[in-house]
Each structure stands twice: as structure tokens, then as C-alpha cells.
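Be aware that the sequence shown starts at 540, since it is given in this note's numbering, and climbs by one per residue. For every residue, glycine included, the Cβ atom is placed at its ideal position computed from N, Cα and C. In what follows, a single structure is set out as C-alpha cells and then discussed.
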Amino acid sequence: GREAAIREIMSVRATLVFYESGPRLSETLVALAEQLGNRDAAVAREISKVHEECVAGRLSELAQRYAGSTPKGEIVVMVGPPSDTVEVTALELDHAIDDALTRLSPSRAAAEVAERLGIPRKRAYSRALERSSGGAQNGA
540 GREAAIREIM SVRATLVFYE SGPRLSETLV ALAEQLGNRD AAVAREISKV
590 HEECVAGRLS ELAQRYAGST PKGEIVVMVG PPSDTVEVTA LELDHAIDDA
640 LTRLSPSRAA AEVAERLGIP RKRAYSRALE RSSGGAQNGA
């Protein structure tokens, strides 16, 4: 489904353009932010029409803005290419690591997260080790 389609394009180093429906916009923005990282993006609605609207920001900001809303009209989502200098917060990293650890070993989780978020593998690996050992102690 949607996750598999996003995984296929996550390494494309170009601006991505999607046509989306109003009812699916919010879920799509959340999925894009989770899988592609917090890239620059824009949501354009009703291009070249009287009620044209274009909102730019980070994927997480756009996901929040459109949460629970169903905008009308033709919608285009544009997502900027992955940046070599993406700032990944500790919270974003922990969330991604925790999710990956539910499916993978710490080293594989770190590799997946490092590639997805565009961060050094060493940073992801040290955090994955901390999260996996800390999680095991808390669960016991």
C-alpha cells in the first residue's frame, strides 16, 4: 500500500510531486513525514483557480495543519529532496529507532533509520543500543 510506495521513492534525490484527495491528505502527510523524514514540502490546492492556496513548511507542520481536515478541490503535495544537512531532533530519532526496533535488531534498525533520516549511521547505532537495552530493562 502507501508505505511500500513511499519506501520505493524514499531515496530519490529530487522533488517529489503527488496528487492527493482531500480525505486522504492528512494520513498521507503523516506517512510521508514518518518515512521520508521532516523534509521541506508544500500543499497546493486548486492551482490556477480563484480559490488557489499554497501552504509551505516541513512535512510535520503540514501534517499538523491538515490533521482532521478534509480540504476540497484538486490537491498537489510537493516534497523537497532529502537534504544532506537535515536536522533530526533527538525525539524524531528516538521515535524512528523505537519503531524500527519492533521489527529489527539494533544494528539493522540503526542502518534503516540512518538511511531514512539522512544521519550518520554511528549516531543511529549508538541510540539504537541505548534504546534497546533501556527498553529491555523497563519491560522486565
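> Which full runs of the alpha helix (DSSP H) of 4+ residues lie inside the stretch 570-633, going along the chain?
Replying inline: 598-604
> Run through DSSP, which three-state label would valine 652 get?
Replying inline: helix
>> Can you check which of these residues, Thr628, Glu613, Thr609 and Val556, is closest to serine 599 by C-alpha distance?
In response: Thr628
>> Below 8 angstroms, how does it come out for the stretch 607-618 and the stretch 543-561: are there three or more Cβ pairs, yes or no?
In response: yes
> Exposed or buried, which one is arginine 655 when buried takes at least 16 other CB atoms within 10 Å?
Replying inline: buried
>> Looking only at its chain, what residues have a beta carbon closer than 6 angstroms to the beta carbon of arginine 578, apart from the 5 residues adjacent to it on each side?
In response: Leu598, Val618 and Gly619
>> Let me make sure I understand the geometry here. Which of Ala543, Leu632, Glu573 and Ser672 has the alpha-carbon closest to that of arginine 662?
In response: Leu632
> Taking buried to mean at least 16 other C-beta atoms within 10 Å of its own C-beta, is valine 652 buried or exposed?
Replying inline: buried
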